[in-house]
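Visitor: Let me give you the structure first, and then I'll get to my questions.
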Amino acid sequence: MTLELQPENFSIRAQKWWTPEKIKKLMGEKNYTITPLNAPQLLRSLGLLNSDASMSPDSVKKFIQINHMFNLLEEHFAELIKRHKVVRILDAGCGKSYLTFLLAWCFKEKWNHTAEIIGVDTNTKIINDCKQRAQNLGFADVLKFETASLFTYKWTHEKRPNAVIALHACDTATDMALALAIKEKADFIAVAPCCQAELARKWKENKISHPLTPVFNTPQVRREIAAQFTDMFRISLTRANGYEVTATEFVPSTHTPKNRLLTCIRRGNNLETAEKEFASMKDHLGGATILLEELLQKESI
Numbered sequence: 002m003t004l005e006l007q008p009e010n011f012s013i014r015a016q017k018w019w020t021p022e023k024i025k026k027l028m029g030e031k032n033y034t035i036t037p038l039n040a041p042q043l044l045r046s047l048g049l050l051n052s053d054a055s056m057s058p059d060s061v062k063k064f065i066q067i068n069h070m071f072n073l074l075e076e077h078f079a080e081l082i083k084r085h086k087v088v089r090i091l092d093a094g095c096g097k098s099y100l101t102f103l104l105a106w107c108f109k110e111k112w113n114h115t116a117e118i119i120g121v122d123t124n125t126k127i128i129n130d131c132k133q134r135a136q137n138l139g140f141a142d143v144l145k146f147e148t149a150s151l152f153t154y155k156w157t158h159e160k161r162p163n164a165v166i167a168l169h170a171c172d173t174a175t176d177m178a179l180a181l182a183i184k185e186k187a188d189f190i191a192v193a194p195c196c197q198a199e200l201a202r203k204w205k206e207n208k209i210s211h212p213l214t215p216v217f218n219t220p221q222v223r224r225e226i227a228a229q230f231t232d233m234f235r236i237s238l239t240r241a242n243g244y245e246v247t248a249t250e251f252v253p254s255t256h257t258p259k260n261r262l263l264t265c266i267r268r269g270n271n272l273e274t275a276e277k278e279f280a281s282m283k284d285h286l287g288g289a290t291i292l293l294e295e296l297l298q299k300e301s302i
């Protein structure tokens with residue numbers, strides 16, 4: 002590490018760059034948890050701050066996105082802190098782990114609470130990069146990363162995860178994350194689905210006569226409607242397995258169209274009405290299902 006990029010020097014540089022006027026322009030009236038002033042090294046490590054401590058327009062969008070998502074989730078993690086001496090979190094399909102690193106920072110710097118956070122992804126290079134960043138930031142005691150597929154990943158640790166998050170896990174990876182979380186009876190689940198293509202593929206192959214045949218045969222409409230019903234299937238199945246589920250927009254659609262966040266709180270009792278709602282929806286939509294139903298049946302949860 003060069004002298005100019007050592008933590009203490011970069012922090013001084015960030016303090017000088019981010020004047021009150023620049024902070025006001027960046028954050029407006031928002032009260033973000035992570036800022037260039039209180040966590041410059043973290044934001045630099047995530048690639049959101051340049052070497053001179055400035056922030057590019059694309060980085061500003063990502064900065065706003067991860068802070069806004071954290072604000073939506075913070076109360077849930079605060080509740081877990083009240084209930085557990087050690088909060089165990091699985092980031093399923095962690096990718097570059099923006100939110101994961103933000104959580105690690107909060108547990109160490111803001112909450113001063115013991116946590117064990119594991120990020121899992123199939124991309125070995127990304128996992129190795131995350132391991133190195135965790136080491137450089139001094140987060141290795143909180144953050145661990147593993148290369149694995151969600152389809153075969155098993156939670157092998159002594160105690161169950163208290164929370165499972167899966168942000169932009171593509172297509173059926175979201176179903177795998179939900180099935181794992183439900184099987185392990187995680188207290189809290191947060192998923193932001195994207196690229197919901199499975200149901201659309203099945204509708205395309207549907208050759209039966211059906212009132213929705215015009216939808217099935219119109220690619221752009223088929224993709225959009227299938228994505229909406231995929232998430233409704235997920236909501237109903239998760240509710241049926243004992244969770245209270247809330248769907249919310251976590252980022253304005255001007256930033257990204259992939260902006261639905263499902264937050265799920267375990268209540269413990271399976272909900273028969275949700276099972277019936279799912280079965281009815283599936284029947285009315287031609288009988289095609291999603292991987293989540295198959296995984297939940299397979300695991301016999």
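Residue numbers (the working numbering): 2 to 302.
Using N, Cα and C, we set each Cβ at its ideal position, and we do this for glycine too.
All of these numbers come straight from a predicted model, not from anything done at the bench.
(1) Please list the terminal residues of the continuous beta strand (DSSP E) segment that includes residue 250.
(2) Counting only runs of 3+ residues fully inside the region 67-101, write out the beta strand (DSSP E) ranges in chain order.
(3) Mark residue 220 as exposed unless 16 or more other C-beta atoms lie within 10 angstroms of its C-beta, in which case mark it buried.
(4) Output yes or no for whether 8 Å exceeds the beta carbon distance between residue 122 and residue 94.
(5) Do residue 118 and residue 1 have their beta-carbon atoms positioned less than 8 Å apart in this structure?
(6) Just curious, the alpha helix (DSSP H) that residue 117 is in, first and last residue?
(7) What are the boundary residues of the alpha helix (DSSP H) that includes residue 167?
(8) Within its chain, find whatever has a CB closer than 6 Å to the CB of residue 237; leave out the 5 residues flanking it on each side and keep chain order.
(9) Nearest to residue 266 by alpha carbon, out of 78, 16, 157?
(10) Buried or exposed, going by whether 16 or more other CB atoms sit within 10 Å of the CB of residue 42?
(11) Any idea if residue 17 is buried or exposed, counting beta-carbon neighbours within 10 angstroms, 16 or more meaning buried?
(12) First and last residue of the beta strand (DSSP E) that includes residue 131?
(13) Taking residue 194 as part of the beta strand (DSSP E), name the residues at either end of that continuous run.
(14) Of all the options 44, 225, 61, 63, which has the alpha carbon lying nearest to the alpha carbon of residue 202?
(15) Would you call residue 59 buried or exposed, if buried means 16 or more other Cβ atoms sit within 10 Å of its Cβ?
(16) Measuring only the C-alpha atoms, how far is residue 126 from residue 210?
(17) On the three-pair Cβ rule with 8 Å, is the region 159-166 touching the region 239-252?
(18) To the nearest angstrom, how far is it from the Cα of residue 186 to the Cα of residue 114?
(19) With residue 241 and residue 270 assumed to form a contact (beta carbons below 8 Å), what rounded beta-carbon distance in angstroms separates them?
(20) Taking the alpha helix (DSSP H) that residue 45 falls in, what are its first and last residues?
(21) Span of the beta strand (DSSP E) holding residue 146?
(22) What did DSSP end up calling residue 290 once you bin it into helix, strand or coil?
Guide: Taking the geometry as given:
(1) Its beta strand (DSSP E) spans residues 244-250.
(2) Listed in chain order, they are 88-93.
(3) Classification of residue 220: exposed, given that the 10 Å Cβ count is below 16.
(4) Cβ atoms of residue 122 and residue 94: closer than 8 Å.
(5) Here the chain covers residues 2 to 302 and nothing more, so residue 1 does not appear.
(6) DSSP places residue 117 outside any alpha helix (DSSP H); the residue lies instead in the beta strand (DSSP E), whose first and last residues are 116-122.
(7) Taken as a continuous stretch (DSSP letters only), residue 167 belongs to no alpha helix (DSSP H), being part of the beta strand (DSSP E) at 164-171.
(8) Taken in chain order, the residues that qualify are 275, 278, 279.
(9) Of the listed residues, the one whose Cα sits closest to residue 266 is 78.
(10) By the neighbour-count rule (16 or more Cβ atoms within 10 Å), residue 42 is buried.
(11) It counts as exposed.
(12) Counted as a single uninterrupted DSSP element, the stretch harbouring residue 131 is not any beta strand (DSSP E) but the alpha helix (DSSP H) occupying residues 125-138.
(13) The continuous beta strand (DSSP E) containing residue 194 extends over residues 189-195.
(14) Of the listed residues, the one whose Cα sits closest to residue 202 is 225.
(15) Counting every other CB atom within 10 Å of its CB across the protein chains shown gives residue 59 a total below 16, marking it as exposed.
(16) Inter-residue distance for residue 126 and residue 210 is about 47 Å (C-alpha atoms, whole angstroms).
(17) No contact exists between the region 159-166 and the region 239-252.
(18) Using only the alpha carbons, I get a separation of about 22 Å.
(19) Actually they are not in contact, since the Cβ atoms of residue 241 and residue 270 sit about 10 Å apart, beyond 8 Å.
(20) First-last of the alpha helix (DSSP H) with residue 45: 41-46.
(21) It spans 144-148 - the beta strand (DSSP E) in which residue 146 sits, taken as one unbroken run.
(22) If DSSP states are grouped into helix, strand and coil, residue 290 belongs with coil.
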